[in-house]
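If you use full-length UniProt numbering, the sequence shown corresponds to residues 1 to 156, in order. First the structure, in the form of C-alpha coordinates, and then the observations on it.
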Amino acid sequence: MKHIKLIVVGKIKEPFWADAAEHYRKRLGHSIKIQECIVKDGNAKLPNAERNAEEGERILAALGPADIPICMDEHGKTYTSVKFAHFMEDISMDGNRIPCFIIGGAFGLAPAVLAACRHKISLSPMTFTHEMARVLLMEQLYRADAILRGSPYHHE
(Lines of atoms letter the chains of each structure in order from A and count residues from 1; the text may use other names and numbers.)
(Lines give C-alpha, C1' and ligand atoms only; values in the text may rest on other atoms or scores of the structure.)
Protein backbone atom coordinates (compact mmCIF):
# COMPACT_ATOMS: atom_id res chain seq x y z
CA MET A 1 0.00 0.00 0.00
CA LYS A 2 1.62 3.19 -1.14
CA HIS A 3 -1.40 5.40 -1.79
CA ILE A 4 -4.98 5.47 -0.50
CA LYS A 5 -7.78 7.84 -1.35
CA LEU A 6 -10.80 8.60 0.80
CA ILE A 7 -13.95 10.22 -0.54
CA VAL A 8 -16.16 11.29 2.33
CA VAL A 9 -19.35 13.31 2.63
CA GLY A 10 -19.08 16.31 4.91
CA LYS A 11 -16.46 17.65 7.25
CA ILE A 12 -15.94 16.22 10.70
CA LYS A 13 -17.76 18.57 13.07
CA GLU A 14 -16.98 17.04 16.47
CA PRO A 15 -13.46 18.00 17.63
CA PHE A 16 -12.77 14.63 19.26
CA TRP A 17 -13.51 12.77 16.00
CA ALA A 18 -11.39 15.26 14.07
CA ASP A 19 -8.52 14.71 16.54
CA ALA A 20 -8.86 10.93 16.29
CA ALA A 21 -8.93 11.01 12.47
CA GLU A 22 -5.86 13.26 12.43
CA HIS A 23 -4.07 10.92 14.83
CA TYR A 24 -4.44 7.99 12.42
CA ARG A 25 -3.76 10.17 9.37
CA LYS A 26 -0.38 11.11 10.88
CA ARG A 27 0.42 7.51 11.77
CA LEU A 28 -0.54 6.30 8.29
CA GLY A 29 1.33 9.17 6.67
CA HIS A 30 4.67 7.66 7.63
CA SER A 31 4.26 4.89 5.07
CA ILE A 32 1.21 5.69 2.93
CA LYS A 33 0.19 8.77 0.99
CA ILE A 34 -3.41 9.61 1.89
CA GLN A 35 -5.57 11.79 -0.30
CA GLU A 36 -8.83 12.88 1.26
CA CYS A 37 -11.59 14.35 -0.84
CA ILE A 38 -14.44 15.87 1.16
CA VAL A 39 -17.63 16.38 -0.82
CA LYS A 40 -20.30 18.75 0.36
CA ASP A 41 -23.33 17.38 2.21
CA GLY A 42 -26.54 17.28 0.20
CA ASN A 43 -29.13 19.97 0.70
CA ALA A 44 -30.80 19.24 4.07
CA LYS A 45 -34.08 20.73 2.78
CA LEU A 46 -34.40 17.97 0.17
CA PRO A 47 -36.11 14.65 0.85
CA ASN A 48 -33.59 12.02 1.97
CA ALA A 49 -33.49 10.18 -1.38
CA GLU A 50 -32.86 13.41 -3.31
CA ARG A 51 -30.24 14.54 -0.81
CA ASN A 52 -28.56 11.16 -1.14
CA ALA A 53 -28.63 11.38 -4.95
CA GLU A 54 -27.07 14.86 -4.80
CA GLU A 55 -24.24 13.57 -2.60
CA GLY A 56 -23.88 10.58 -4.92
CA GLU A 57 -23.32 12.83 -7.94
CA ARG A 58 -20.57 14.65 -6.05
CA ILE A 59 -18.94 11.39 -5.01
CA LEU A 60 -18.97 10.00 -8.55
CA ALA A 61 -17.51 13.26 -9.86
CA ALA A 62 -14.65 12.94 -7.35
CA LEU A 63 -13.66 9.46 -8.57
CA GLY A 64 -10.59 9.41 -10.76
CA PRO A 65 -9.77 6.95 -13.55
CA ALA A 66 -7.09 5.24 -11.41
CA ASP A 67 -9.41 4.81 -8.41
CA ILE A 68 -10.65 1.40 -7.29
CA PRO A 69 -13.92 2.41 -5.60
CA ILE A 70 -14.60 0.66 -2.30
CA CYS A 71 -17.87 1.56 -0.60
CA MET A 72 -18.19 1.43 3.13
CA ASP A 73 -21.68 -0.01 3.50
CA GLU A 74 -23.44 -1.88 6.30
CA HIS A 75 -24.42 -4.61 3.80
CA GLY A 76 -20.85 -5.08 2.58
CA LYS A 77 -18.41 -7.87 3.29
CA THR A 78 -16.95 -8.07 6.79
CA TYR A 79 -13.31 -8.87 7.45
CA THR A 80 -11.13 -9.61 10.42
CA SER A 81 -8.25 -7.15 10.68
CA VAL A 82 -5.80 -9.72 9.31
CA LYS A 83 -8.04 -10.60 6.36
CA PHE A 84 -8.58 -6.89 5.69
CA ALA A 85 -4.79 -6.44 5.60
CA HIS A 86 -4.55 -9.22 3.01
CA PHE A 87 -7.40 -7.61 1.03
CA MET A 88 -5.41 -4.37 1.02
CA GLU A 89 -2.28 -6.22 -0.05
CA ASP A 90 -4.15 -7.92 -2.91
CA ILE A 91 -5.90 -4.76 -4.09
CA SER A 92 -2.62 -2.85 -4.01
CA MET A 93 -1.23 -5.27 -6.59
CA ASP A 94 -3.67 -3.87 -9.17
CA GLY A 95 -1.06 -1.90 -11.12
CA ASN A 96 -1.05 1.84 -10.66
CA ARG A 97 -4.61 1.88 -9.41
CA ILE A 98 -5.50 3.47 -6.07
CA PRO A 99 -7.80 1.97 -3.43
CA CYS A 100 -10.50 4.60 -2.91
CA PHE A 101 -12.68 4.22 0.17
CA ILE A 102 -16.05 5.97 0.04
CA ILE A 103 -18.02 6.93 3.15
CA GLY A 104 -21.47 8.41 2.64
CA GLY A 105 -23.30 10.98 4.67
CA ALA A 106 -26.10 10.66 7.20
CA PHE A 107 -28.30 8.67 4.80
CA GLY A 108 -25.65 6.34 3.43
CA LEU A 109 -24.65 6.02 -0.20
CA ALA A 110 -26.76 6.60 -3.29
CA PRO A 111 -27.60 3.52 -5.37
CA ALA A 112 -25.51 4.93 -8.24
CA VAL A 113 -22.43 5.03 -6.00
CA LEU A 114 -23.02 1.50 -4.73
CA ALA A 115 -23.38 0.31 -8.33
CA ALA A 116 -20.06 1.95 -9.27
CA CYS A 117 -18.10 0.13 -6.57
CA ARG A 118 -16.19 -3.07 -7.19
CA HIS A 119 -16.02 -3.75 -3.49
CA LYS A 120 -18.35 -3.10 -0.58
CA ILE A 121 -17.03 -3.42 2.96
CA SER A 122 -18.87 -3.28 6.25
CA LEU A 123 -17.15 -2.14 9.42
CA SER A 124 -19.96 -3.79 11.35
CA PRO A 125 -23.62 -4.72 10.89
CA MET A 126 -24.29 -1.83 13.27
CA THR A 127 -24.77 1.72 12.02
CA PHE A 128 -22.22 4.42 12.89
CA THR A 129 -22.13 8.14 12.32
CA HIS A 130 -20.06 8.97 9.24
CA GLU A 131 -17.55 10.71 11.53
CA MET A 132 -17.11 7.58 13.63
CA ALA A 133 -16.92 5.40 10.52
CA ARG A 134 -14.14 7.59 9.17
CA VAL A 135 -12.08 7.12 12.35
CA LEU A 136 -12.75 3.37 12.44
CA LEU A 137 -11.69 3.03 8.81
CA MET A 138 -8.53 5.08 9.38
CA GLU A 139 -7.59 2.90 12.36
CA GLN A 140 -8.17 -0.29 10.37
CA LEU A 141 -6.09 1.06 7.48
CA TYR A 142 -3.30 1.82 9.93
CA ARG A 143 -3.68 -1.63 11.50
CA ALA A 144 -3.60 -3.30 8.06
CA ASP A 145 -0.40 -1.45 7.21
CA ALA A 146 1.10 -2.46 10.57
CA ILE A 147 0.16 -6.10 9.96
CA LEU A 148 1.73 -6.07 6.50
CA ARG A 149 4.90 -4.40 7.85
CA GLY A 150 5.13 -6.84 10.76
CA SER A 151 4.75 -4.05 13.31
CA PRO A 152 3.84 -5.01 16.90
CA TYR A 153 0.82 -2.62 16.82
CA HIS A 154 -1.44 -5.57 15.96
CA HIS A 155 -1.23 -8.61 18.18
CA GLU A 156 -3.42 -11.66 18.47
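Heads up, the beta-carbon is just placed ideally off N, CA and C, and yes, glycines get one too. Predicted model, so just to flag it, every value in this text is computed and none were measured.
Margin query: Please tell me whether Leu137 and Phe107 are closer than 8 Å, where the distance is taken between their beta carbons.
Written below: no
Next item on the list: For my contact list, Ser122 and Thr78 are in at a C-beta cut-off of 8 Å; report their separation, rounded to the angstrom.
Entry: 5 Å
Margin query: Counting C-beta neighbours from all protein chains within 10 Å, is the total for Phe84 16 or more, i.e. buried, or is it exposed?
Written below: The residue is buried, with at least 16 neighbouring Cβ atoms inside 10 Å.
Check: What are the uninterrupted segments assigned as alpha helix (DSSP H) that are 4 or more residues long and contained completely in the segment 64 to 108, given in chain order?
Finding: 81 to 91
Item checked: Glu36 - partner residues in DSSP beta bridges -> Leu6
Next item on the list: Confirm the yes/no value for this check: CB of Lys77, any heavy atom of the ligand NAD, distance under 7 Å.
Entry: Annotation note on the ligand NAD: not contained in the displayed structure, which lists no ligands.
Checklist line | Extent of the continuous beta strand (DSSP E) run through His130 | finding: Judged by DSSP secondary structure, His130 falls outside any beta strand (DSSP E) and instead within the alpha helix (DSSP H) spanning 130 to 149.
Check: Would you call the CB atoms of Ile32 and His3 closer than 8 Å?
Finding: Yes, the pair counts as a contact, with Cβ atoms nearer than the cut-off.
Item checked: Opening and closing residue of the alpha helix (DSSP H) in which His23 lies -> 15 to 29
Notebook entry, point to check: How long is the line joining the alpha carbons of Ile7 and Gly64, rounded to whole angstroms?
Noted result: Computed Cα separation, rounded: 11 Å.
Next item on the list: Starting from Ile121, follow the alpha helix (DSSP H) in both directions and report where the run begins and ends.
Entry: It is not in any alpha helix (DSSP H) - Ile121 instead sits in the beta strand (DSSP E) that spans 119 to 121.
Next item on the list: Could you check the C-alpha separation between Glu89 and Ala53 for me, to the nearest Å?
Entry: 32 Å
Notebook entry, point to check: In or out: Asp19 buried (at least 16 other Cβ within 10 Å) or exposed?
Noted result: exposed
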